[in-house]
Amino acid sequence: LLNVTDWKASVLGFYTCNQQRKVKNIKLIIYRVPEPVLQSVPQLAVGEGHELVCHIANAMPIQNLTVTLCRGKETLHTKTFEQNDLAPVQVTYRLTAKRQHHG
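Residue numbers (the numbering used here): 10 to 112.
Shown next, in the form of structure tokens:
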């Protein structure tokens, strides 16, 4: 399938079982690759907090979408969406600067 734009598409599958030809309606979930935008983080003093905000547009549907916010190899926050919505999403995480975060 190419260029599918119907988010709730279905196809007919044909198969043979015990010498009988059968047909089955197969529902598809079509995904679009998301376009994440993470707002930049300003320089922070030790102990100062900042809310990380990641906007994800054009990830449709958001069902089964998982967003992971990381600092280097460290996972800060993970959120998985279960809704079958066709709307942009936003993930936030409150970050507090520590001395070991320098650099």
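Each residue gets a CB set at the ideal place from its N, CA and C atoms; glycine is no exception.
Query	Result
Does the beta-carbon of Val20 have 16 or more other beta-carbons within 10 angstroms, so that it is buried, or is it exposed?	exposed
In chain order, what residues of the same chain lie with their CB nearer than 8 Å to the CB of Ile35, ignoring the 5 residues before and after it?	Ser19, Val20, Leu21, Gly22
For the beta strand (DSSP E) that contains Phe23, what are its first and last residues?	19–26
In three-state DSSP terms, what is Arg41?	coil
Between Gln72, His110, Thr89, Ile65, which lies nearest to Gly81 when the distance is taken from Cα to Cα?	His110
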